[in-house]
Amino acid sequence: SVLYIEDANASLDIGEVLQQALPWQQGGPKSFNKSYNQSAWWLRLDIDNGQDKPQRRLIELSYAVLDHVDVYIVAGGQVLASHMLGDKQPFYERVFDHRFFVIPVEWQPSQSLQIYLRVKSSSAVQAPLTLWEEKAFYGFDTTRTIMNGIFFGIMLVIAAYNLLIFCVLGERTYLLYVGYVICMPLFLASLGGYSFQYMWPTFTDWNDESILFFLSGVVVFGVAFTRSFLVVQRYSPGLDRLLVIALAGGIVLAATTFMLPYYVNIKALIAWATFACILALLSGVFCWYSQQKVAQYYTIAWVSMLSGGVILALNKAGVLPANLFTEYATHIGSALEVVLLSFALAERINEERRLRFEAQEEALTGIRQANEELEYRVQERTKELEAMTCKLRELSNTDQLTGLHNRRFFDSQIKMEWLRACRYQHPISIIAIDIDHFKSVNDRYGHMVGDECLREIARRVGLGVRWPTDVAARYGGEEFVMLLPETTREDAVIVAERVRKSVEVAHIDTRAGELSLTISAGIYCVTPENDNFSGIDILLEKADECLYRAKAMGRNCIFPVPD
């Protein structure tokens, strides 16, 4: 537990505190809160090491805006170590790099230590103390930092989003809202020590003034946004005049930030901010009562913010204890508020669009109908063009006589499959097919009969395709080619033999009667070693060579390149 005494004249030093019998009073470990006063306060924390090994702990004083925090570690009446902390000292002088005041303590087995803290500040005098094991401290602090990071991230995203809307629409309400959303996290970052740690670690005077300045900005931009967003003057001129007074007071307090002492300014500013919050809430309630739809969102949002602000004010006044909830109430309320206000702004845009649409609807009915008719015709024409484009694409890739893919399509597909086979090192097979003695069919029966034979054999070649990536194409004249990605030599032989047998047993009905024909096929399989397309020409040449070998073997057979 913590013991404390008040040094009303701020005259005691550590030597006097150790030597004199002082009227120490009992206090809770996290509830020391003396609000705003000019006294110095001495706190004493007694800790014992009841274990048989040295101990290391961290003492955290989790209130970042105390002006002076002098820490003395005492054992047996002797000062072992001292640290002069506070936000009136440059941040780099701290013994522990943290936004709060953290003091490492080490003591030996069976040793008792007394930790004395002298606290004096123009801000609220609070000393929420926690004795941490290092692992527990880092775990809790990580969670706390993540929570703050989420809060600041939400505020940044919403500020950027509404600034973008302002740049697009040029409406002043959004700029005022951006000012409010920026000032709020800057105020809380200053109050929580983040600004001093990361933004101005050597500007000790500005560190105090920034709290006043950004809180004044919250009041000024918040009130100005309320007037503009709710159009209060239209619904209640009296309330609008009070808001103007609140706005002027916020500007005056922002100006006096650099003139009056902190403890004077902060008291006035907290009172004025509370007044402005209540006034803004009343404006929202009144506009809601006046059937203004967006006022519903605004009022609920402002209740969230006002609740957090009231809790923080009561905390600083010593009415509520300092704990995680009271310290972060404004963060929680602000995050809820800005999210809800963003919904309100979006609803306002929708409402304005709806009203504008309704005002123009009657005059634009005829134009709209004409546009709809035109749009319908355009869509129909577009569909026709798309269908025609698809048909042309299909025709450009299809052999008109046989219905198989043409050489143009085959050439594009083999390049794509060649690259894929090279990337994954998979085999690719080619089957080159030629109709045996086809010239004699043309010479004897004529080209019309020859075309009928070509169509039937092409149909049977096409039936040999197994997978969507396989391609059967007419390569020219009576020659066909089959592209079989990811197909081994053995599998390609099976496909080619199946096609050969299918043609061999076919009785082709033609105008000259039934005809029987055969085919020869050459097979070549390779796994590409590089993505050079010259390998495709070699692949096709090898397949042709195998086809010639099949012809030389007597036709009506297949010849695969040997392994």
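Whatever position you read off the sequence shown (first residue = 1), add 1 for my numbering.
Even glycine gets a Cβ: it sits at the ideal position worked out from N, Cα and C.
Please read all numbers here as calculations on a predicted model, not as lab measurements.
Contact set for Phe259: own chain, Cβ-Cβ below 8 Å, skip 5 residues either direction
Excluding residues within five positions, the ones whose Cβ falls inside 8 Å are Glu210.
Is it buried or exposed, Pro30, if we count other Cβ atoms within 10 angstroms and call 16 or more buried?
Summary for Pro30: the model assigns pLDDT 48, below 50, so the residue's position carries little reliability, and this model does not support an answer.
Any idea if Glu135 is buried or exposed, counting beta-carbon neighbours within 10 angstroms, 16 or more meaning buried?
Exposed: under 16 other Cβ atoms inside 10 Å.
Residues of its chain near Gly404, where Cβ-Cβ distance is below 8 Å and the 5 sequence neighbours each way are ignored:
Spatial neighbours of Gly404 in its own chain (CB-CB distance under 8 Å, excluding positions within 5 residues in sequence) are listed in chain order as Arg456, Ala459, Arg460 and Gly463.
Option nearest Ala1 by Cα separation, candidates Ile183, Ile151, Met389 and Glu498
As shown, the chain starts at 2 and ends at 564. That puts residue 1 outside it, with no answer to give.
Taking C-alpha atoms, which residue in Gly140, Asn372, Leu4 and Asp49 lies nearest to Ser113?
Cα-wise, what sits closest to Ser113 is Asp49.
The beta strand (DSSP E) enclosing Glu1, as first and last residue numbers:
In the structure as shown, the chain begins at 2 and stops at 564. Residue 1 is therefore absent and cannot be evaluated.
Which of the three DSSP states is assigned to Pro30 in this structure?
Residue placement at Pro30 is poorly supported in this model, since its pLDDT is 48, which falls under 50; the coordinates still yield a value, given next. In this structure, DSSP gives Pro30 a state outside helix and strand, which the three-state scheme calls coil.
Is there contact between the segment 326 to 340 and the segment 374 to 391, where contact requires at least three CB pairs shorter than 8 Å?
Short answer: they don't touch.
If we ignore side chains and look at the alpha-carbon of each, how far apart do Phe215 and Val3 end up?
Their Cα atoms are separated by approximately 34 Å.
Is Tyr117 helix, strand or coil by DSSP?
Three-state DSSP puts Tyr117 in a strand.
Using beta-carbon positions only, say whether Glu61 and Val106 come within less than 8 Å of one another.
The Cβ-Cβ distance between Glu61 and Val106 does not fall below 8 Å.
Does the Cβ of Leu402 have 16 or more other Cβ atoms within 10 Å, making it buried, or fewer, making it exposed?
With fewer than 16 other CB atoms across the displayed protein chains lying within 10 angstroms of its CB, Leu402 is exposed.
Phe222 classed as buried or exposed, judged by whether at least 16 other C-beta atoms fall within 10 angstroms
It counts as buried.
Hey, which unbroken runs of the beta strand (DSSP E) at 3 residues or more fall wholly within the segment 16 to 97?
If we require 3 residues or more, the beta strand (DSSP E) runs fully inside the segment 16 to 97 come out as 26 to 28, 41 to 49, 56 to 62, 69 to 76 and 79 to 86.
Do Val70 and Val118 count as a contact pair if the criterion is CB distance below 8 Å?
The sequence shown places Leu at residue 118, not Val. Contact flag set, yes.
Are there 16 or more other CB atoms within 10 angstroms of the CB of Tyr93, so buried, or fewer, so exposed?
Tyr93 is exposed by the Cβ-count criterion.
Just to check my reading of the structure: Cys547 and Thr489 have Cβ atoms closer than 8 Å, yes? What is that Cβ distance to the nearest angstrom?
That pair is no contact at about 15 Å.
Could you check whether the Cβ of Thr146 sits closer than 7 Å to any heavy atom belonging to the ligand COA?
Summarising the ligand content, the structure contains no ligands, and the ligand COA is consequently not present.
Just the Cα atoms here: how many angstroms apart are Ala9 and Ala125?
Answer to the nearest angstrom: the Cα atoms are 15 Å apart.
Roughly how many angstroms lie between the CA atoms of Val442 and Val450, to the nearest whole one?
In a straight line, the C-alpha of Val442 is about 8 Å away from that of Val450.
Start and end of the alpha helix (DSSP H) containing Trp419?
Counting along the chain, the unbroken alpha helix (DSSP H) around Trp419 starts and ends at Arg408 to Tyr425.
For the pair the segment 33 to 51 and the segment 80 to 89, tell me if three or more CB-CB distances fall below 8 Å.
Segments in contact, no.
How is Glu515 classed by DSSP in three states: helix, strand or coil?
Of the three classes helix, strand and coil, the one that applies to Glu515 here is strand, per DSSP.
Check whether the segment 289 to 299 and the segment 239 to 255 are in contact - that is, three or more C-beta pairs closer than 8 Å.
The count of Cβ pairs closer than 8 Å, one atom from the segment 289 to 299 and one from the segment 239 to 255, stays below three, leaving the stretches out of contact.
What residues match up with Thr1 in a beta bridge as DSSP calls it?
Residue 1 lies beyond the range of the chain shown here (2 to 564); nothing can be said about it.
Return the first residue and the last residue of the alpha helix (DSSP H) that Leu321 is part of.
From DSSP, Leu321 is part of no alpha helix (DSSP H); its letter is neither H nor E.
Cα-Cα separation between Thr390 and Thr383, rounded to whole angstroms
Going by the C-alpha atoms only, they are around 10 Å apart.
Is the beta carbon of Val496 sitting closer than 8 Å to the one on Pro561?
Cβ atoms of Val496 and Pro561: not closer than 8 Å.
Endpoints, the alpha helix (DSSP H) within which Arg475 is located:
Per DSSP, Arg475 is not a residue of any alpha helix (DSSP H); the beta strand (DSSP E) it occupies stretches across Val472 to Gly477.
Just list the residues that DSSP pairs Asp435 with in beta bridges.
BP columns for Asp435 point to Glu480 and Ser521.
What span of residues does the beta strand (DSSP E) with Leu132 cover, start to end?
That run of the beta strand (DSSP E) goes Leu130 to Trp133.
With DSSP run on the structure shown, which of helix, strand or coil describes Arg456?
Note: Arg456 maps to helix in three-state DSSP.
Please report the distance separating the alpha-carbon of Ala330 from that of Met306.
Within the model, the alpha-carbon separation for Ala330 versus Met306 is close to 9 Å.
To the nearest whole angstrom, what separates the beta carbons of Leu67 and Val120, a pair I think is in contact under 8 Å?
In this structure, Leu67 and Val120 form a Cβ contact; the two beta carbons are roughly 6 Å apart against a cut-off of 8 Å.
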